[in-house]
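Here the sequence shown stands for residues 1 to 335, numbered as in the UniProt record's numbering. Cβ coordinates follow ideal geometry from the N, Cα and C atoms, glycine included. Each remark here refers to the structure printed beneath this line.
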Amino acid sequence: MGLCHWSYWKPSAGKSTFFNAATHQNMAKIGAHAFTTIEPNIGQAFYSIPCPCAQWTHRCQARYGHSALGERFVPVLLKDVAGLVPGACEGRGRGNKFLNDLLDADVLVHVIDLSGQTDEDGKPTTEYDPRRDVEWIQQELHRWIYDNIMDKWDAIIKKPTKLCDMFTGYHTFQALIQLAFDSTGITEKTLLALPKIEKPNAELLVHKLVDNFLRLRFPILLALNKVDLPDAVDNLKKFQEQFDDDTVMVPVSARSECILQQKCKDGVISYQSGASHFDLNVQSQDLPLHDRSEKEIVEIKDSILQVFGGHWRAASLVTSCESAVTSVCISCQLP
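Structure follows, in structure tokens:
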């Protein structure tokens, strides 16, 4: 299980529900109030990759099975951390404790309340623009690293090569740090000239460097949650209009996925997580309507699966993993 994903961000966005749905567990405590999650919840989730057996008549014996599309499931460690609030880098909420929790992540899953029914602090509201969450959270991440650098600026000026060392504490490797410096245009000559650069220009250079480092070190997937609630579809259109193709975002309904998983466990439906449909089991068709909650699951089928398709969980994790993995070599063994 080589990759580690963190699901995170402001309270009450549904990240713990997302965690429960992705891991097929109910270990993450859920509540409509800030900081329901204090210590990280940890579980195993899966993302899917193309499997060579897709071109064969029979499926191979993949250790973790295949998705509804015939892709192979690969395990990933998923962690659910406490909600972030504006000003965390200055000590608000759980402050830098939250930010430091991210250090062993390969990919960040930003769970957003697409319905606009919670504000920056996770408090109930109406007509909130969820796009603002992307902006201020990216600012918090940026300030976290930028402030750490500028707090040591006097020491960096005395020994400019120390600027490279400032990034080693974020659990990364030297090649990635070098790539961030190269992308910023910082050469050895630039480093040696730092003591002569005016402070405002040096700050601009560091801002650019931090932007490039964050992009490489912490690739982010936007999980646009609560797509089943009012106003969510309109807000989804706003996201699609504002953010370019480089932004990986997936509309999801973690609550709906949890419901389908439970109905499957109860024997009411036959459903494979990630599929775009489910089948009502014959033995459950004679049950009273309220016992099998037919109305609820039919609404999920009509408003979620048929509109957005299935694969919300698999799509979320595989697209985010693609940013963190260069290549995966797999082989098949038929039964």
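Going by the DSSP bridge assignment, what does residue i pair with across the sheet?
{"i": "Gln44", "result": "Leu77"}
{"i": "Pro160", "result": "In DSSP, Pro160 forms no bridge with anything."}
{"i": "Thr118", "result": "Pro124"}
{"i": "Arg72", "result": "Ile49 and His66"}
Measure the C-alpha to C-alpha separation of residue i and residue j and round it to an integer number of angstroms.
{"i": "Ser253", "j": "Gly116", "result": "14 Å"}
{"i": "Ala315", "j": "Glu127", "result": "The pLDDT assigned to Ala315 is 47, lower than 50, so where the model puts this residue is not dependable; a value taken from the coordinates is nonetheless given after this. Whole-angstrom Cα-Cα distance: 28 Å."}
{"i": "Phe18", "j": "Thr190", "result": "44 Å"}
{"i": "Gly31", "j": "Ser12", "result": "Residue placement at Gly31 is poorly supported in this model, since its pLDDT is 48, which falls under 50; the coordinates still yield a value, given next. Those two C-alpha atoms are separated by around 7 Å."}
{"i": "Arg292", "j": "Val268", "result": "With a pLDDT of only 48 at Arg292, under the threshold of 50, the placement of this residue in the model should not be trusted; the figure read from the coordinates follows. Cα to Cα, the separation comes out at about 6 Å."}
{"i": "Gly169", "j": "Ile156", "result": "16 Å"}
{"i": "Asp228", "j": "Tyr64", "result": "30 Å"}
{"i": "Ile186", "j": "Ala232", "result": "42 Å"}
{"i": "Arg255", "j": "Arg72", "result": "25 Å"}
{"i": "Met166", "j": "Ile49", "result": "35 Å"}
{"i": "Val298", "j": "Leu305", "result": "10 Å"}
{"i": "Glu135", "j": "Lys265", "result": "39 Å"}
{"i": "Asp119", "j": "Asp106", "result": "28 Å"}
{"i": "Gln138", "j": "Asp80", "result": "18 Å"}
{"i": "Pro230", "j": "Ser276", "result": "22 Å"}
{"i": "Leu221", "j": "Ala193", "result": "37 Å"}
{"i": "Trp162", "j": "Lys152", "result": "The sequence given here places Lys at residue 162; Trp does not occur at that position. Distance between the alpha carbons of Lys162 and Lys152 is about 9 Å."}
{"i": "Asn281", "j": "Asp245", "result": "40 Å"}
{"i": "Lys158", "j": "Lys196", "result": "11 Å"}
{"i": "Gly122", "j": "Arg59", "result": "45 Å"}
{"i": "Glu294", "j": "Gln178", "result": "56 Å"}
{"i": "Lys263", "j": "Ile149", "result": "51 Å"}
{"i": "His110", "j": "Ala202", "result": "30 Å"}
{"i": "Ala16", "j": "Gln174", "result": "Note on residue identity: the sequence assigns Ser, not Ala, to residue 16. Answer to the nearest angstrom: the Cα atoms are 33 Å apart."}
{"i": "Asp133", "j": "Glu188", "result": "37 Å"}
{"i": "Cys164", "j": "Glu198", "result": "19 Å"}
{"i": "Leu214", "j": "Thr57", "result": "44 Å"}
{"i": "Leu108", "j": "Pro86", "result": "18 Å"}
{"i": "Asp234", "j": "Pro219", "result": "26 Å"}
Excluding five sequence neighbours on each side, which residues of the same chain lie with their C-beta closer than 7 Å to the C-beta of residue i?
{"i": "Ala54", "result": "Gly70"}
{"i": "Leu176", "result": "Leu216 and Arg217"}
{"i": "Glu296", "result": "Ile259"}
{"i": "Leu236", "result": "Leu114, Leu224, Val227 and Pro251"}
{"i": "Pro200", "result": "none"}
{"i": "Leu103", "result": "Tyr170 and His171"}
{"i": "Glu241", "result": "none"}
{"i": "Pro124", "result": "Gln117 and Thr118"}
{"i": "His66", "result": "Cys51, Arg59, Arg72 and Phe73"}
{"i": "Phe308", "result": "Val227 and Pro251"}
{"i": "Phe243", "result": "Met249"}
{"i": "Ser303", "result": "Asp228"}
Got a sec? Which residues, its chain only, sit under 8 Å from residue i by beta carbon, not counting five neighbours each side?
{"i": "Lys238", "result": "Asp129 and Arg131"}
{"i": "Thr23", "result": "Gly43, Gln44, Ala45 and Leu78"}
{"i": "Gln261", "result": "Ala21, His24, Tyr271 and Ser273"}
{"i": "Lys301", "result": "His277 and Phe278"}
{"i": "Leu289", "result": "Note that Leu289 scores 48 on pLDDT, short of 50, meaning its location in the model is unreliable and no value can be drawn from it."}
With residue i and residue j assumed to form a contact (beta carbons below 8 Å), what rounded beta-carbon distance in angstroms separates them?
{"i": "Asp113", "j": "Gly14", "result": "6 Å"}
{"i": "Phe181", "j": "Leu209", "result": "7 Å"}
{"i": "Thr184", "j": "Asn212", "result": "5 Å"}
{"i": "Asp101", "j": "Pro40", "result": "6 Å"}
{"i": "Val206", "j": "Tyr146", "result": "6 Å"}
{"i": "Gln272", "j": "Ala68", "result": "5 Å"}
{"i": "Trp144", "j": "Leu99", "result": "5 Å"}
Going along the chain, which residues of its own chain have a beta-carbon closer than 6 Å to the beta-carbon of residue i, five neighbours each way excluded?
{"i": "Glu257", "result": "Ala21"}
{"i": "Asp279", "result": "Ser270"}
{"i": "Asn26", "result": "Asn20"}
{"i": "His33", "result": "Since pLDDT at His33 reaches only 44, below the 50 mark, its modelled position is unreliable, and the value read off the structure follows with that caveat. Closer than 6 Å at Cβ, skipping near neighbours: no residue."}
{"i": "His311", "result": "A caution first: His311 carries a pLDDT of 49, below 50, which makes its placement in the model unreliable, though a value can still be read off. Excluding positions up to five away in sequence, the list reads Gly274."}
Within the 8 Å Cβ cut-off, does residue i reach chain B?
{"i": "Ile186", "result": "Here there is only one protein chain, and chain B is not present."}
Ranges of the alpha helix (DSSP H) found wholly within the segment 211 to 289, counting only runs of at least 4: 232 to 242 and 254 to 265
In chain order, each alpha helix (DSSP H) run of at least 4 residues that lies wholly inside the segment 175 to 207: 188 to 192
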